[in-house]
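Residue numbers (this note's numbering): 530 to 1049. Encoded as structure tokens, the structure appears first; notes follow it.
Here you go:
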């Protein structure tokens, strides 16, 4: 049993890191009411966390490779806990968004090092078991998030969803320092590299500017000066990032992302699949949670329960299939997982209507959850297995960066898709269809109904149901299309190559034919 304590330490961090994505969704309507937050502010509560994760994961991976994975993991846990405390004490939406961004920075350090710590600690069958259990914990976090968030929000307050992280983070830090051995990032006498500051700054600026433009465009219009300026900044920053990474490689320094890998089909396929997988599976769940509470009138607990089919099925599939999928060529579980996500999203599209209830979500979320459970454990292990041990932090950071960037961009894009679809339903019925669509997305459905004259409230209620259902249908259809594109990309580009027998990290030889590595 002692050999599995490092897995427990890493899994505790993964649990609070990922539970903070789904735990927030069911609390958004209460946050909006208490903090008087707009639609864009609610999007930023989720997006600031995902964007901070995405923007800083590559830098965190480089820091881990330079200074040690255990050291950065414990530092990330500490920052995450302190930011969670700040989230729980936030007096307004701006302070909450800022604290969520800091929380994402701590999460980036945890996310970038988790897979690398497991890969360095376990070999052979134990490694497959460890990644399978780690993937199951990811699913458990998603399963527990909506229910835990609903219970805490309804009976204590939305602040409690952040404060619950503190004891878990403290336990994870203490356990990590006791049972996870300190890694040695550089061989004796090797010159220490430098952190790629230019790459970190330019990538962060590009991701933040693009996301801001997408979110602002849904409210202010796509030709507004702020939106166009944001996209221009994003484009310039992206070019600067490419130049910075190319220059670092030519100087023999350690770039955040080895751009040469993206010219190789398998690695590029994994990154593209990760981005489309995360966006297709999770980008629309924020709006689903708002629909459950603001339109259907469910409480946070009932809303959390309605979202659990995806999380529960994901957990079960990861737990039972995780170990076995590690033995397959990665394109099969990842590609099949993405196709199942697409089927699930299409089922949600087909069952959504003005008179739909929470039962309309069950089949689609369950099928999508099966896809999530198949793909999640393999994505990370395939990426870390494709590079030398000294660059595992970079690989883990890259795949998780593309995943979190997928979430961040999808929330912004699907928010605009929803507003467009809802506005189409409202265009002939209200004087300001755009404003009404934005208000719906912010969870103000009942306020819109209450604003109607008493004799027209029944018609207003029906209109709200039709408009929200129309917006959600478009969201689900776009999500399905993203998942199909990701599945085709992975199946077409990712190719296996047999791993030659050789010594593993402990010095023991790996049996020939036992595993397959991703050819990059």
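Backbone N, C-alpha and C define an ideal beta-carbon position, used for all residues, glycine too. These numbers come from a predicted model, not from an experiment.
Interface flag, residue 683 vs chain D, CB-CB below 8 angstroms: Among the chains in the structure shown there is no chain D, since it carries only a single protein chain.
Residue 946 vs residue 1007 beta-carbon contact at 8 angstroms: It is a contact, given that the beta carbons lie within the stated cut-off.
Cβ neighbours of residue 822 in the same chain (closer than 6 angstroms, five flanking residues each side left out): Same-chain partners within the cutoff: 558, 832.
Expected contact under 8 angstroms - CB spacing of residue 626 and residue 608 to nearest Å: About 17 angstroms separates the CB atoms of residue 626 and residue 608; that is not less than 8 angstroms, and the two are not in contact.
Supposed close pair residue 864, residue 1016 - CB separation, criterion 8 angstroms: Residue 864 to residue 1016, Cβ: 5 angstroms. Contact.
Where residue 639 falls: helix, strand or coil (DSSP): It is helical.
Through-space distance from residue 646 to residue 540, alpha-carbon basis: Going by the C-alpha atoms only, they are around 11 angstroms apart.
DSSP-derived helix/strand/coil call for residue 995: Residue state, collapsed to three classes: helix.
Reduced DSSP category for residue 1026 - H, G, I as helix; E, B as strand; rest coil: With a pLDDT of only 47 at residue 1026, under the threshold of 50, the placement of this residue in the model should not be trusted; the figure read from the coordinates follows. Per DSSP, reduced to three states, the secondary structure at residue 1026 is strand.
Buried or exposed by the 16-neighbour rule on C-beta atoms within 10 Å, applied to residue 858: The C-beta of residue 858 has 16 or more other C-beta atoms within 10 Å across all chains shown, which makes the residue buried.
Exposure of residue 1052, with buried meaning 16 or more beta-carbon neighbours within 10 Å: Outside the displayed range of the chain (530 to 1049) lies residue 1052, so it cannot be described from this structure.
Backbone secondary structure at residue 687 - three-state DSSP: The answer is coil: DSSP assigns residue 687 none of H, G, I, E or B.
Buried/exposed call for residue 717, threshold 16 Cβ in 10 Å: For residue 717, the predicted structure reports a pLDDT of 40, less than 50, and the residue's modelled location is therefore unreliable. A value from the coordinates is still provided. In the assembly as shown, residue 717 is an exposed residue. Its beta-carbon has fewer than 16 other beta-carbons within 10 Å.
Same chain, Cβ closer than 8 angstroms to residue 720, five either side skipped, listed in chain order: Reliability fails at residue 720, whose pLDDT of 44 lies under 50, so the model's placement of it is uncertain and no value is given.
Rounded separation between residue 820 and residue 997 - CA only: Rounded to the nearest whole angstrom, the CA to CA distance from residue 820 to residue 997 is 7 angstroms.
CA-to-CA distance, residue 796 to residue 912, given in whole angstroms: When rounded, the distance between both Cα atoms is 8 angstroms.
Between the CA atoms of residue 952 and residue 960 - distance to the nearest angstrom: Those two C-alpha atoms are separated by around 11 angstroms.
Local conformation of residue 820 per DSSP, three classes: For residue 820, the three-state secondary structure derived from DSSP is helix.
Nearest to residue 965 (by Cα), restricted to the options 995, 983, 676, 940: The closest CA to that of residue 965, considering only 995, 983, 676, 940, is found on 995.
Within 8 angstroms, strictly: CB atoms of residue 705 and residue 603: Against a cut-off of 8 angstroms, the Cβ pair of residue 603 and residue 705 comes out as a contact.
Helix, strand or coil at residue 565 according to DSSP, with G and I counted as helix: The answer is coil: DSSP assigns residue 565 none of H, G, I, E or B.
Per-residue burial, residue 754 [other beta carbons within 10 Å of its own, 16 or more giving buried]: With fewer than 16 Cβ atoms within 10 Å of its Cβ, residue 754 is classed as exposed.
Among 1019, 980, 944, 535, the one whose alpha carbon lies nearest that of residue 712: Between residue 712 and the set 1019, 980, 944, 535, the nearest pair of CA atoms involves 535.
Same chain, Cβ closer than 7 angstroms to residue 651, neighbours up to 5 away in sequence not counted: Hits under 7 angstroms: 659.
Reduced DSSP secondary structure (H/G/I, E/B, other) of residue 826: Reduced to three states, the DSSP call for residue 826 is coil.
Straight-line gap, residue 1001 to residue 776 (C-alpha atoms, nearest Å): Just so you know, the alpha carbons of residue 1001 and residue 776 end up roughly 44 angstroms apart.
Under the three-state DSSP convention, the category residue 718 falls into: Residue confidence for residue 718 is low, a pLDDT of 41 falling below 50, so the modelled location carries little weight; the figure read from the coordinates is stated next. Note: residue 718 maps to coil in three-state DSSP.
Closest Cα partner of residue 601 within the set 653, 709, 583, 734: The candidate whose alpha carbon is nearest that of residue 601 is 709.
Burial state of residue 1029 (16 or more Cβ within 10 Å): Interpretation of residue 1029 is limited by its pLDDT of 45, a score under 50 that renders its predicted location unreliable; the figure taken from the coordinates is listed afterwards. Classification of residue 1029: exposed, given that the 10 Å Cβ count is below 16.
Buried or exposed by the 16-neighbour rule on C-beta atoms within 10 Å, applied to residue 849: Result: exposed.
CB of residue 727 within 8 angstroms of CB of residue 773, strictly: Contact: yes.
Contact under 8 angstroms by Cβ, residue 824 with residue 993: For the 8 angstroms CB-CB criterion, residue 824 and residue 993 form a contact.
Enclosing alpha helix (DSSP H) for residue 963 [first to last residue]: Taken as a continuous stretch (DSSP letters only), the alpha helix (DSSP H) holding residue 963 covers 962-970.
Whole-Å CB distance - residue 933 paired with residue 547, under 8 angstroms assumed: With a beta-carbon spacing of about 11 angstroms, residue 933 and residue 547 fall beyond the 8 angstroms limit used to define contacts.
Test item: CB-CB of residue 555 and residue 574 under 8 angstroms: Annotated as distal: residue 555 and residue 574, with beta-carbon spacing of 8 angstroms or more.
Residues near residue 956 by beta carbon distance below 7 angstroms, same chain, minus five either side: Same-chain partners within the cutoff: 962.
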